[in-house]
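Participant: Structure provided below as structure tokens; questions to follow.
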Amino acid sequence: MTSSLLPTYARADIAFERGDGAWLTATNGERYLDFGGGIAVTSVGHSHPHLVQALIDQAQKVWHVSNLFQIPGGERLGKRLTEATFADLVFFCNSGAEANEAAIKMARKYHAAKGHPERYRIITFEGAFHGRTLATIAAGGQKKYLDGFGPKVDGFDQVPFDDLPALKAAIGPATAALMIEPIQGEGGLRVAPPEFLRALRALCAEHGLLLIFDEVQTGVGRTGRLYAYENSGVAPDIMSSAKGIAGGFPLGVCLATKEAASGMTLGVHGTTYGGNPLAMACGNAVLDIVLADGFLDNVRKVSLLLKQRLAELKDRHPAVIEEIRGEGLMTGLKTRVPNTDFAAAARAEHLLSIPAGDNVVRLLPPLVIGEAEALEAVRRLEAACLRCEAAMKATETAA
Ligand SMILES: *Cc1c(COP(=O)(O)O)cnc(C)c1O
5 MTSSLLPTYA RADIAFERGD GAWLTATNGE RYLDFGGGIA VTSVGHSHPH LVQALIDQAQ
65 KVWHVSNLFQ IPGGERLGKR LTEATFADLV FFCNSGAEAN EAAIKMARKY HAAKGHPERY
125 RIITFEGAFH GRTLATIAAG GQKKYLDGFG PKVDGFDQVP FDDLPALKAA IGPATAALMI
185 EPIQGEGGLR VAPPEFLRAL RALCAEHGLL LIFDEVQTGV GRTGRLYAYE NSGVAPDIMS
245 SAKGIAGGFP LGVCLATKEA ASGMTLGVHG TTYGGNPLAM ACGNAVLDIV LADGFLDNVR
305 KVSLLLKQRL AELKDRHPAV IEEIRGEGLM TGLKTRVPNT DFAAAARAEH LLSIPAGDNV
365 VRLLPPLVIG EAEALEAVRR LEAACLRCEA AMKATETAA
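Residues 5 to 403 (our numbering) are what the sequence shown spells out, left to right.
Here it is, written out as structure tokens:
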């Protein structure tokens, strides 16, 4: 059967019809352990009863009203997010890219409203991923995403990751902000060292710049804290969050201090769907779970076990695994075989993972996994290593 969908994805030949916690069941009845989490989205697992109930309850009341009216669920979610973070104000939208667009617009507007519209440029970092809109592919700066889509949107300057001298040299009179992922996701789980983030904060103070953290992938408990910036002790002025924030219902949010948001006045930005009652119900339900006592402690505990066992796995299979990376339940294996081959071998063992840049395979399980699921994943990853080793032996023998 030919597909009517644009061929922009290399889809595996599996369709899932049910999910339960960290497990997915395919249409042929086979069960898979989901350590991809829909690319860090299914933060509280599939079919979490609290999320299902919240969605059904809201669906029976009202789905959508537009932002021309009060949305109590949004007021509540906004209040909870600001109470739990550095931020004073939030803007809801539908995706990570849109949250970053809001962050970029906010940073430019901040300077314009202060009488400096010439300060509109944003410095980003090599290996970054900020989304697929025209502005966010320019921010990400990756050739493979920019090619063929016309002139790159102006206003983004890119410097190497973790290179302070290059960053200092790039700051000029037109610079408005610095924008960084505390841990690069698509780029291959490169962790920005806390001292580097502290240096960014100091440079922002020195030059009157805004600091933007893209926590679309690292946020909502993924690293064992509600947001990854807490690990570094450095708070941004503006932050984007999406992916896991509503457990699979599309939702993005741009959070900011009152000062950073000072240019965002009546009528300057908007969205039709963003922050609608269904999304707000799901977002509030996810926070109920993630902010509950002990939840993040458990994420840290399970992730420590996972990391230890992965380090042992790497020692047993040095020809396949080169390095273990990441923080919390945002872990990556840098492999010596092509990462897509390794992910395919893991899938043959009914374990789902997500390839990333720099030949890394990401493990982004639901945050609700227990130790038993972590250990089961390592067993399946070991079987995947054995598959890769057998394939290497077979090609050696053939040669
Ligand atoms: C996924 C991702 C985005 C884009 O989010 P979409 O919802 O796909 O638009 C932006 N930034 C980071 C760090 C991401 O991981």
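Even glycine gets a Cβ: it sits at the ideal position worked out from N, Cα and C.
Everything numeric in this text was worked out from a predicted model, so none of it was measured.
1) Compare the beta carbon distance of Glu331 and Val195 with 9 Å and say whether it is the shorter of the two.
2) Going by DSSP, name the residue or residues bridged to Phe129.
3) For Ala377, does the three-state DSSP call read helix, strand or coil?
4) Taking just the CA atoms, how far does Glu353 sit from Gln188?
5) Using 10 angstroms around the beta-carbon of Ile60, count the other beta-carbons present and answer buried if the total reaches 16, otherwise exposed.
6) With 16 as the cutoff for other CB atoms within 10 Å, does Met110 come out buried or exposed?
7) Taking the straight line between their C-alpha atoms, what separation do you get for Thr269 and Lys113?
8) If you count every other CB in all the chains shown that lies within 10 Å of the CB of Pro254, and 16 or more means buried, which is it?
9) Quick one, which of Thr227, Pro198, Tyr277 has its alpha-carbon nearest Pro240's?
10) Less than 8 Å separating the Cβ of Ser266 from some heavy atom of ligand 1?
11) Taking three-plus beta-carbon pairs below 8 Å as touching, is the stretch 209-216 in contact with the stretch 381-398?
12) Do three or more CB pairs link the stretch 269-286 to the stretch 123-131 at distances below 8 Å?
13) For Ala260, does the three-state DSSP call read helix, strand or coil?
14) According to DSSP, simplified to helix, strand and coil, what is Met284?
15) If I follow the unbroken alpha helix (DSSP H) through Ala315, where does it start and stop?
16) Tell me which residues share the same chain as Cys392 and place their Cβ nearer than 7 Å to its Cβ, disregarding the 5 neighbours each side in the sequence.
17) Should Asn104 be counted as a contact of ligand 1 given a C-beta to heavy atom distance under 8 Å?
18) Whole angstroms is fine: what's the gap from Pro369's alpha carbon to Pro359's?
19) Measuring CB atoms only, is the stretch 246-261 touching the stretch 86-97, in the sense that at least three cross pairs come out at less than 8 Å?
20) Assuming Leu150 and Ala265 make a contact with CB atoms under 8 Å, what is their CB distance in whole Å?
21) Any chance the CB of Ile60 is under 8 Å from a heavy atom of ligand 1?
22) Going by Cα to Cα distance, which pick from Asp362, Leu72, Leu81, Glu380 is closest to Tyr36?
23) Using DSSP with H/G/I as helix, E/B as strand and the rest coil, what is Asp61?
24) Just to confirm, does Val220 get its C-beta within under 8 Å of one of the non-hydrogen atoms of ligand 1?
25) Using DSSP with H/G/I as helix, E/B as strand and the rest coil, what is Asp218?
26) For the stretch 63-100, list the alpha helix (DSSP H) runs that are entirely contained and at least 4 residues long, ordered along the chain.
27) When you compare each of Ser99, Glu400, Ile175 to Ile127 by their alpha carbons, which one comes out closest?
28) Since Ala250 contacts Gly223 with CB under 8 Å, what's their CB separation in whole angstroms?
29) Of all the options Ala58, Arg351, Leu9, which has the alpha carbon lying nearest to the alpha carbon of Ile293?
30) My assumption, with CB atoms under 8 Å, is that Asn98 sits in contact with Thr140. Please give the rounded CB distance.
31) Cα separation between Leu300 and His134?
32) My output table needs one value for Asp38: the three-state DSSP class, helix, strand or coil.
33) Kindly provide the ranges of any alpha helix (DSSP H) runs that are 4 or more residues long and lie completely inside the stretch 227-252, ordered along the chain.
34) Can you name, in chain order, every residue of its own chain whose Cβ lies under 6 Å from the Cβ of Leu81, other than the five neighbours on each side?
Facilitator: To lay it out plainly:
1) In the sequence shown, residue 331 corresponds to position 327, counting from 1. In the sequence shown, residue 195 corresponds to position 191, counting from 1. Their beta carbons are under 9 Å apart, which means Glu331 touches Val195 by this criterion.
2) Start at 1 with the first residue of the sequence shown, and residue 129 comes out as number 125. Its beta-bridge partners are Val163.
3) The residue labelled residue 377 in the question sits at position 373 within the sequence shown. Before going on, a small fix: residue 377 reads as Glu here, not Ala. Note: Glu377 maps to helix in three-state DSSP.
4) Within the sequence shown, residue 188 is the residue found at index 184, counting from 1. Within the sequence shown, residue 353 is the residue found at index 349, counting from 1. Using only the alpha carbons, I get a separation of about 27 Å.
5) By 1-based counting over the sequence shown, the position of residue 60 is 56. Per the 10 Å Cβ criterion, exposed.
6) Within the sequence shown, residue 110 is the residue found at index 106, counting from 1. By the 10 Å Cβ count, Met110 comes out buried.
7) Walking along the sequence shown from the start, residue 269 turns up at place 265. Walking along the sequence shown from the start, residue 113 turns up at place 109. Each residue's alpha carbon lies about 10 Å from the other.
8) By 1-based counting over the sequence shown, the position of residue 254 is 250. Result: buried.
9) Here the question's residue 240 lines up with position 236 in the sequence shown. Nearest C-alpha to Pro240: Pro198.
10) Locating residue 266 in the sequence shown gives position 262, counting from the first residue. Checking every heavy atom of ligand 1 against the Cβ of Ser266, none is found closer than 8 Å.
11) no
12) no
13) Here residue 260 corresponds to residue number 256 of the sequence shown, with the count starting at 1. Of the three classes helix, strand and coil, the one that applies to Ala260 here is strand, per DSSP.
14) For the purposes of this step, residue 284 is identified with residue 280 of the sequence shown, where counting begins at 1. Of the three classes helix, strand and coil, the one that applies to Met284 here is helix, per DSSP.
15) For this step, residue 315 is matched to residue 311 along the sequence shown. Ala315 -> alpha helix (DSSP H) spans 299-320.
16) Residue 392 sits at position 388 when you count from the first residue of the sequence shown. Only Val324, Val341, Asp345, Phe346, Ala349 meet the Cβ criterion.
17) Counting from 1 along the sequence shown, the entry for residue 104 is found at position 100. Yes - ligand 1 has a heavy atom lying nearer than 8 Å to the Cβ of Asn104.
18) The count along the sequence shown starts at 1 and reaches residue 369 at position 365. The count along the sequence shown starts at 1 and reaches residue 359 at position 355. Between Pro369 and Pro359, the C-alpha separation is close to 14 Å.
19) yes
20) Mapped onto the sequence shown, residue 150 falls at position 146. Mapped onto the sequence shown, residue 265 falls at position 261. Contact doesn't hold; Cβ gap of about 29 Å is too wide.
21) Indexing the sequence shown from 1 puts residue 60 at position 56. False, no ligand heavy atom lies under 8 Å from that Cβ.
22) The residue labelled residue 36 in the question sits at position 32 within the sequence shown. Per the Cα distances, Glu380.
23) Position 57 of the sequence shown, counted from the start, is the residue given in the question as residue 61. Here Asp61 sits in helix by DSSP.
24) Here residue 220 refers to the residue found at position 216 when the sequence shown is read from its first residue. Correct: Val220 has its Cβ closer than 8 Å to ligand 1.
25) One-based indexing of the sequence shown puts residue 218 at position 214. It is a strand residue.
26) 76-88
27) Your numbering for residue 127 matches position 123 in the sequence shown. Out of Ser99, Glu400, Ile175, Ile175 has the C-alpha closest to the C-alpha of Ile127.
28) Looking up residue 250 in the sequence shown gives position 246. Looking up residue 223 in the sequence shown gives position 219. The pair is not a contact, with the Cβ atoms about 12 Å apart (cut-off 8 Å).
29) Residue mapping note: residue 293 aligns to position 289 of the sequence shown, counting from 1. If we check each option's Cα against that of Ile293, Ala58 comes out closest.
30) For the purposes of this step, residue 98 is identified with residue 94 of the sequence shown, where counting begins at 1. For the purposes of this step, residue 140 is identified with residue 136 of the sequence shown, where counting begins at 1. Wrong, their Cβ atoms sit about 14 Å apart, outside the cutoff.
31) For the purposes of this step, residue 300 is taken as residue 296 along the sequence shown, with counting starting at 1. For the purposes of this step, residue 134 is taken as residue 130 along the sequence shown, with counting starting at 1. If you take the alpha carbons of Leu300 and His134, they lie about 26 Å apart.
32) Mapped onto the sequence shown, residue 38 falls at position 34. If DSSP states are grouped into helix, strand and coil, Asp38 belongs with the strands.
33) Within the stretch 227-252, the runs of alpha helix (DSSP H) that reach at least 4 residues and sit entirely inside it are, in chain order, 233-236.
34) One-based indexing of the sequence shown puts residue 81 at position 77. The answer, listed in chain order, is Met284, Gly287, Asn288.
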